[in-house]
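So the sequences go chain by chain: A and B. Going by my numbering, the first residue of the first sequence is number 320, and it counts up by one from there. Going by my numbering, the first residue of the second sequence is number 1081, and it counts up by one from there. For glycine and all other residues, C-beta sits at the position ideal for the given N, C-alpha and C. To keep things clear, I will list the structure first and then write my remarks on it.
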Amino acid sequence: MKILVSLKRTADPDNANKVKVAPGGAKIVTDGLEPKVNPFDEYAVETALRLVENGKTRIAGDTVVVASFGPKEAATNIRQSLAMGADSGLLFTTDDDSLDGDLVARALAKVVEAQKPDLVILGKQAVDGDSNQVAQVLAETLGWPSATFAMSVNLSADKKTVTVGREVDGGVVKLTLTLPAVISVDLRIVGAKAVTNNVTPAAFAYNDGPRFAPLPMIIKAKTKPIAEAPLASLGVDTGLKVRYTGFELPAARKAGIKVKDVADLVERLRTDAKAL
Amino acid sequence: MATLSDELRASLREALPPDTVSYDPADLAEYGRDWTKVYAPAPSAVAFPRSTDEVARIVALCDKYGARVVPSGGRTGLAGGAVARDGELVLSLSRMRAIDPVDPVAMTVRVDAGAVTEAVHQRCAEHGLTWPVDFASKGSSHVGGNIATNAGGVKVIRYGLTRQWVLGLVVVTAKGDVLRLNGALEKNNTGLDLRQLFIGTEGTLGVITEATLKLTRLPGPSQVLLLGVSDLAAVLALFRVARRGPFVLSAYEFFTDKCIARVQRHRKLRVPFDTACSHYVLMEVEAHDRDALEAWLASLFEEGLVVDGTMSQDSSQAAALWALREGISESLSATGMPHKNDVALPIAELEAFCARFEAVFAARYPGWEIVTFGHIGDGNLHLNVMKPDAMRREDFLAQTHEADRELFELVRHHRGSISAEHGVGLLKKPWLSYSRTPEEIAMLVAVKRALDPNNTLNPGKIFDLP
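Here it is as structure tokens:
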């Protein structure tokens, strides 16, 4: 079993309020913000790791490969996945600004051709652009079955199919895909028992959330390989289909008012807010 | 119970804007207590002044009419220093929370005493600066209270106590005089530094109303490590090694599995690794050489110093690891009744002390839940005992009082302090003599009498006047 996970680095989503728009609205400025792994991609790494272990130790022969597109510094973020337990990394170098969802999907298709994984797992979207396209375009390009927004994944004992739970209005839809396949994951995939592989004991419960890297793995991650090559070496057309025409910040919220007492509040609700 | 005299009430009404003083029972109950749960609040009034001048008028009137004043900040204290239980007027600085513009060249900021610690941090961070006084209650505590108690916290090993980060103070004396001490001077060698008299004396000598804080640059990227070790001796052994590690050590905290169990009950947080350990160390390091740090970590495993562990990969993980440590104090109070001890030992005595205190607690509290944590890197241990659910409160307090005697004997024997950073307040007052000699206490009394002859300010805290 070989799983490919795609990873994007994004400006610290916990400090999204510090994002600025460049004068003229030409671009978003994220200077000074810590580059972090897109949280949904981190969930994808966690999903992959849960599929290739028995709750405690790795299943022999299974591998998890992490691929990323971006500047050389993105190697740091790949290294974090290796510290969580992934086996090797691939970094295809380019500027953050020279990428769009379409290009990443077509480039990933080339990586898939070379790596021949049984399963590709991605975050459902990156928290910066919120485009939510790569998994879909990739599956279409490869002609593979896909399931988006996975909240549970069950790998069959014979490792020939995965059954993916997707949250929909009023319930959960389950899709069974024949491998190889593409899955994009949603927040609930890192719940204690969301990922099962018919190897890990049914009673085993993970900690909620992506795992913290164990110290021995952090130390070991240094010796795991990260292969680095220019994006162009994949032989894809690096032209962009998505063009950003302008950015603006949301309008600032108006200040609230203080009311004297309940009677005043009711009066204001009636006259100013016209809510009553 | 004493109440404010009619003359005083009338004078306060005359001297101050109408909404300055409250006699509302809800305010009295709220502002008469701090995080210490032991004492019932019973003040007779709460004043909410807006300026140093108003504070001066209130204190002068109280002093004139014989009323007593309890200065009050964020009320996060753990020794009863801000408790008013005998008809006092509580002087809350909560309306005085202005923060002036940060001076990025002088690296100072002037604030009113009621400024919330975390708000000051946020304002300074915009300039790449910080006031390095940091602890779990920073979201509620006031700068004035931090200074009046010379607060400690989690970064003392790196930056020292609050005392070292205060340049100037504005203080209202018991007579209602306003002292402006030291301004924004870094250097001022002109005799006795009066400013330091008011730092750490818990509002017994004067009311701090404004401060000029000394700032420092925000530290560079840091890593937070959570390490599982086998016992308290291993916590100390690891500390010895960490002192010489290839990094700047900015925090060295420890806690036990019992702390984590309480945190898990209250906040649903878990230690993010699988090996169950009895003791945990949280270290924060500023490592400029990542390879050297990793090599050092590898050596810990080779030498068997740690059992398991993790290191933050980004700032969110760092915050998540800190949440385990910072949630302890709150979780103990939320899930039970802790009896808290906050002792300090010389680093060199820690090992000998720890070996003996566990025996004292085991003998005194057979089968009780002992919850230990602390800033062991600066010799500070928080030794807590939880009240058994079935035991009556009075019995619990009586038993812990008896055990304290034995504990503090041990602290004295090892030349430690009965209160490292929580202050003395009411809670540790009976034990002051275990850390201070009769000659010292006579001097403390003389200073109090000189500065506050009518015993107006926070009476009965730290020591009783003979």
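Local conformation of K1144/B per DSSP, three classes: helix
Alpha-carbon spacing of A1526/B relative to M1417/B, whole angstroms: 37 Å
Three-way DSSP call (helix, strand, coil) for V1182/B in this model: coil
For H1359/B and V1315/B, believed in contact at Cβ under 8 Å, the rounded distance: 5 Å
DSSP-derived helix/strand/coil call for L1318/B: helix
DSSP three-state assignment for K539/A, whether helix, strand or coil: helix
As assigned by DSSP and simplified to three states, the class of E1134/B: helix
For E547/A: DSSP bridge partner residues: L410/A
Within chain B, the residues that N526/A reaches when beta carbons sit closer than 7 Å: R1350 and P1352
K355/A: contacting residues in chain B (beta-carbon distance under 9 Å): Q1393, D1394, S1395 and S1396
DSSP three-state assignment for R1492/B, whether helix, strand or coil: helix
Length of the line joining the Cα atoms of P1105/B and K593/A: 37 Å
Residues that DSSP places opposite S387/A in a beta bridge: L326/A and L410/A
DSSP-derived helix/strand/coil call for Y362/A: helix
P1510/B versus L368/A - alpha carbon distance: 57 Å
When R1177/B, V1196/B and C1204/B are compared against M1187/B, the one with the closest alpha-carbon: C1204/B
Members of the region 1379-1391 of chain B near chain A, C-beta cut-off 9 Å: L1380, F1381, V1386, D1388, G1389, T1390 and M1391
Supposed close pair A1424/B, G1457/B - CB separation, criterion 8 Å: Rounded, the Cβ-Cβ distance is 12 Å, inconsistent with contact.
Pair within 8 Å by beta-carbon distance, S503/A and T480/A: no
Stretch pair the region 1344-1364 of chain B + the region 1260-1280 of chain B: three plus CB contacts closer than 8 Å: no
Proximity to P332/A [Cα-Cα], best of D449/A, D583/A and F531/A: D449/A
Sequence-distant residues of its chain with Cβ nearer than 6 Å to G420/A (five each side left out): S450, Q452 and V453
Inter-stretch contact at 8 Å, needing at least 3 Cβ pairs: the region 1236-1247 of chain B / the region 1323-1330 of chain B: yes
Cα-Cα separation between F1353/B and P354/A, rounded to whole angstroms: 25 Å
Uninterrupted beta strand (DSSP E) stretches inside the region 1370-1412 of chain B (no shorter than 3 residues): 1388-1391
CB-CB length for A1291/B against L1249/B, believed under 8 Å: 5 Å
A1367/B to P1301/B span [Cα, whole Å]: 8 Å
When R1148/B, Q1244/B and V1252/B are compared against Q1276/B, the one with the closest alpha-carbon: Q1244/B
Stretch-stretch touch, CB-based, cutoff 8 Å, three pairs: the region 1525-1539 of chain B with the region 1486-1501 of chain B: no
Nearest-angstrom Cβ-Cβ length linking L632/A and D381/A, presumed shorter than 8 Å: Chain A is shown only over 320 to 595; residue 632/A falls outside these bounds and no answer can be derived.
Under 8 Å by beta carbon: chain B residues contacting R530/A: P1352
A469/A and V492/A closer than 8 Å at C-beta: no
Distance between L401/A and A1378/B (C-alpha atoms, nearest Å): 17 Å
Interface residues of chain A facing L1377/B [CB-CB closer than 8 Å]: L534, I537 and I538
DSSP state of K429/A mapped onto helix, strand, coil: helix
Interface residues of chain A facing E1374/B [CB-CB closer than 8 Å]: I537, I538 and K541
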